Amino acid sequence: MASPALFRFLPRFGVAAAMGTLLGLAGCQTQNNAGESLVPTSGTQPLKGLAQNVSVRRNSQGMPLIESSNFHDALFTLGYVHAGDRISQMVRLRLLAQGRLAELNGSDALPADRLMRSVNLKTNADELYKSASPRLKKFFEVYARGVNAYLFRYRDKLPADLAQAGYKAEYWKPQDSALIFSLLSFGMSTNLQEELNSLVLAQTVGTDKLAWLTPTYPGEALPAAEADKLKGLDLGRQLQGLSGVTQALEQVTQLSLPGITASSDWAIGPQRSRSGKSLLANDIHQPIGVPSAWSYVQVRAPKYQAAGATIAGLPTLFAGFNGKVAWGMSMAMGDNQDVFLEKLKRQGNTLYYLANGKWLPATARTETFFIKGQRPVRETIYVTRHGPLLNSALGTPTALNSGLGLALQMPDVKGDKTLDAFFDLSRAQNSEKASDASREIRAVALNLLYADASHIGWQVTGLYPNRQEGIGLLPSPGWDSRYDWNGYADAMLHPYDQDPIQGWLGTANQRTAAFGYGMQLSNSWLSPERSERLAQLAGNGKQDARSMIAMQYDQTTLFAAKLKAMFSAPGMAQPLKQAIAALPAHDQSKAREALTRLMAFDGKLSATSADAALYELFLQTSTQQIFQDELGPENSAGWKAFIANGGQSYSAQSDHLLGREDSPFWDDTRTPQKEDKPAILARSLGAAISTGDSLMGSDHKAWQWGKLHYYLWRNSDGQTVRGPIAAGGDHTTLNVAAYNVGANTFETTLIPAMRMIVDFGQSEPMMAQNSTGQSSNPASPHYLDGIDPWLKGRYISFPMQPQNFDRVYGKTRLTLVPGK
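Counting with mature numbering (1 follows the signal peptide of the UniProt record, and there is no 0), you get residues -17 to -1, 1 to 803 for the letters of the sequence shown.
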């Protein structure tokens, strides 16, 4: 049972609920015939469009095995199965990508729609589809026909959220799948959020202090030159509409598929494997919500077999196994887009922007927004040489009459073969072929790992601009061509490795290209603790499937040891002791207790650990003590931007705790004296105990991290469909359970939404799990049945040998037959 303290932390509506708006459903099915919206799992169904009979069997969690005598029928059936399991998710993803979600959700979705119309993903999607091979286009067409076969058969029996909204789902087009892919790629541009949030921070504290809030990585110099780009600009007065853009982007990123954020993947070579054959593991992370973004499928046809994780709406396996090769992915943290500030002026009906001393007319187009329950709205969107003005259609048109605009430049995917490359990857019969396919993936930035029984490899994919000046971390002056792009980095410069001497490869969103490397991959990386823990475990002894599972469920943080090293450093130990002694008497004992316990803490963030609770309380109170005097209050735009950036990349919170003794933020501006780092740390130690007392009581031995930190699955109404359940771990553990450090809640925001392990030493190498369920329909028994196995570390096998199919999938099947 959850503690009363836990319930005090439950917000009415949060990130998970917003995710549910897109990936979940609007409450439970209420109509009497809810079950009619489900595709049966047995019997026979005629479907027009099939050439021959197809069998669909389901495992215990509803994940399908599609058996077909030809590949086209298999693709058709995949479309039909995807729609049957996830039509609500598919419809919502498509509407969001098109900037039309308000047609289903009403005016609340209008900010997201305005932003997405500005970004105009359709242009990228059309280029991707146009550049695809005739073969790939045919595959997408066949898949779309399968989706439409479902929409035709169930047009009057759609799931409750669509039926009750009175929304008539449009038929699926092949280009819609390319659009979903473009949305996935856009959702991984985390630096876009950072850049906009950093402008909010600059408005709050000025550009002189901005670099202290935007560190790139431990031990690296602050990005002072990046902050200098913004000097001399009156961002408070000239840049209007910024809050509208940041709020719209937050809504979009919560609604879309940020889902590869903070993922991990690793491969173990034969020399480090107990069996003498390779292993590969992958867990893809996503904001907690119902359902998971990922949908598992297995396809078997005469010339194609593979199993893995898909996104409904796309006939693409993003992580999987085909009997010979396994592959997985994590976010490369690639910075492949830039925000440009544009100087604007209006003359008559024309908007102009400044470029190299000349005023150029912005391209204008009119967009019509249809809103459920309201009259349509027509608005103008403007585009500069760098890209669309994000604040041109956010309900503040007067902001563009003069001042600054925010233009977004994204890579040009003309001629890109990414869609073909993913299909080629799923068909690769050895690591060499997988390597060839991975190098052709340019439209999305990934750490792609692959393995066969004898070899392992890693390839960074994506398309990365060559910036003439600057590093792209913060927005650049669009009127100065020094910051323009000059083509893209040669793909041969993308980091990669094969069969390293150390015997393993792994990524956990750490810096993978040193500062000053031959191409600008990124300067927005997550903290290194997960990758360091991965190295610690992968490099220790021989590995097998059991040790892979232990790694995926590992809840040890290495940041705790770094914190202890900071506390005991020669220049800190004595000053900290003196600062504690200078505290009021009732706070001294609390601070000493906190320090003593933290120095003894082993870094294991189990849900039942009292010291883990204290450790996380200290992270929270120190964040508030260091920064809230200048960035607060808690509901201010500056504080929200700061907290958000802390979850996007290596945070100023961590950076200050590990060093930065000369930072201006150590001084509390609310007091007449000048504080230093020891003084603020002493206050934070005492505050951690006081906060814990108020939340969990005065018996400190009875504290538990899981009483503060919990999993909570919500649907789109903000209704809890499962939980709260005590959670261990945090943002620095391999078993990620991130929360917003510094906010007034420890609710888990990010989890491993899927896990997969392939052990080539086993007769059936692949096992996997989902975090919620196979279906997005609450009427289905597979809506939430993945949660318990996910919590308990239970995996499902995906057999490749037909003689093992009955054991996993049973003998009950739905037979789809050609219809007239």
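Don't be surprised by glycine CBs; every beta carbon is placed ideally from N, CA and C.
Values in this document were obtained by computation on a predicted structure and should not be read as measured data.
Sub-9 angstroms separation of residue i and residue j beta-carbons
i: serine 754; j: isoleucine 770; result: yes
i: glutamate 415; j: threonine 401; result: no
i: leucine 488; j: proline 298; result: no
i: leucine 300; j: phenylalanine 405; result: yes
i: leucine 343; j: alanine 390; result: no
i: threonine 199; j: tryptophan 508; result: yes
i: glutamine 482; j: glycine 440; result: The residue asked about is misnamed: residue 482 is aspartate in this sequence, not glutamine. Contact flag set, yes.
i: glutamine 603; j: alanine 709; result: no
i: phenylalanine 345; j: valine 366; result: The question names phenylalanine, but residue 345 is alanine in the sequence shown. Yes.
i: leucine 641; j: methionine 549; result: yes
i: glutamine 636; j: isoleucine 663; result: no
i: arginine 643; j: arginine 40; result: no
i: isoleucine 354; j: alanine 85; result: yes
First and last residue of the uninterrupted beta strand (DSSP E) at residue i
i: histidine 683; result: Premise fails: histidine 683 is in no beta strand (DSSP E) and is neither H nor E.
i: aspartate 480; result: 479 to 481
i: lysine 341; result: 341 to 344
i: tryptophan 487; result: 487 to 490
i: arginine 697; result: 693 to 697
i: asparagine 430; result: 429 to 434
Range of the contiguous alpha helix (DSSP H) that encloses residue i
i: proline 47; result: Counting along the chain, proline 47 falls outside any alpha helix (DSSP H), though it belongs to the beta strand (DSSP E) covering 47 to 51.
i: valine 188; result: 173 to 188
i: glutamine 561; result: 556 to 564
i: isoleucine 609; result: 593 to 614
i: glycine 621; result: 620 to 631
i: proline 448; result: Careful: proline 448 lies outside any alpha helix (DSSP H), inside the beta strand (DSSP E) at 448 to 450.
i: leucine 145; result: 143 to 147
i: leucine 774; result: 770 to 775
i: glutamine 535; result: 528 to 535
Cβ neighbours of residue i in the same chain (closer than 7 angstroms, five flanking residues each side left out)
i: leucine 476; result: Gly501 and Met502
i: asparagine 103; result: Pro371
i: threonine 187; result: Leu614 and Gly621
Reduced DSSP secondary structure (H/G/I, E/B, other) of residue i
i: phenylalanine 323; result: strand
i: glycine 303; result: strand
i: glycine 470; result: strand
i: methionine 750; result: strand
i: proline 198; result: coil
i: asparagine 374; result: helix
i: arginine 705; result: strand
i: leucine 517; result: helix
i: tryptophan 249; result: strand
i: glycine 642; result: coil
i: asparagine 332; result: coil
i: glycine 10; result: Residue placement at glycine 10 is flagged as unreliable, the pLDDT there being 37, under the threshold of 50; a coordinate-derived value is accordingly withheld.
i: valine 366; result: strand
i: asparagine 787; result: helix
i: glycine 291; result: strand
i: histidine 268; result: strand
i: serine 38; result: strand
Nearest-angstrom Cβ-Cβ length linking residue i and residue j, presumed shorter than 8 angstroms
i: glutamate 512; j: threonine 715; result: 4 angstroms
i: tyrosine 792; j: leucine 93; result: Rounded, the Cβ-Cβ distance is 44 angstroms, inconsistent with contact.
i: arginine 100; j: serine 759; result: Actually they do not touch by this definition, with Cβ atoms about 25 angstroms apart.
i: serine 505; j: methionine 316; result: 5 angstroms
i: aspartate 594; j: phenylalanine 584; result: 5 angstroms
i: aspartate 266; j: proline 735; result: 4 angstroms
i: leucine 387; j: leucine 222; result: 5 angstroms
i: alanine 127; j: proline 157; result: 5 angstroms
i: tryptophan 462; j: alanine 338; result: 6 angstroms
Close-in-space but distant-in-sequence residues of the same chain around residue i (CB under 8 angstroms, 5 per side omitted)
i: leucine 33; result: Asp56, Phe59, Thr60, Leu799, Val800, Pro801 and Gly802
i: leucine 517; result: Ser247, Trp249, Gly489, Ala491, Met534 and Leu717
Residues near residue i in its chain [Cβ-Cβ closer than 6 angstroms; skip 5 each side]
i: tyrosine 150; result: Leu87
i: leucine 431; result: Met312, Ser421, Gln442 and Thr444
i: arginine 425; result: Asp399, Thr401 and Leu446
i: glutamine 412; result: Lys307
i: aspartate 318; result: Asn174, Gly455, Ser505 and Ser507
i: proline 661; result: Pro558, Leu559 and Ala562
i: glycine 18; result: Ala762
i: methionine 750; result: Ile740, Tyr778 and Ser780
i: phenylalanine 743; result: Lys260, Ser261 and Ala436
Chain D contact for residue i (CB, 9 angstroms cutoff)
i: alanine 127; result: Reference to chain D is not applicable here, since this structure consists of a single protein chain.
Contact test: residue i Cβ vs the ligand SAM heavy atom, cutoff 8 angstroms
i: proline 661; result: No copy of the ligand SAM appears in this structure; indeed no ligand is present at all.
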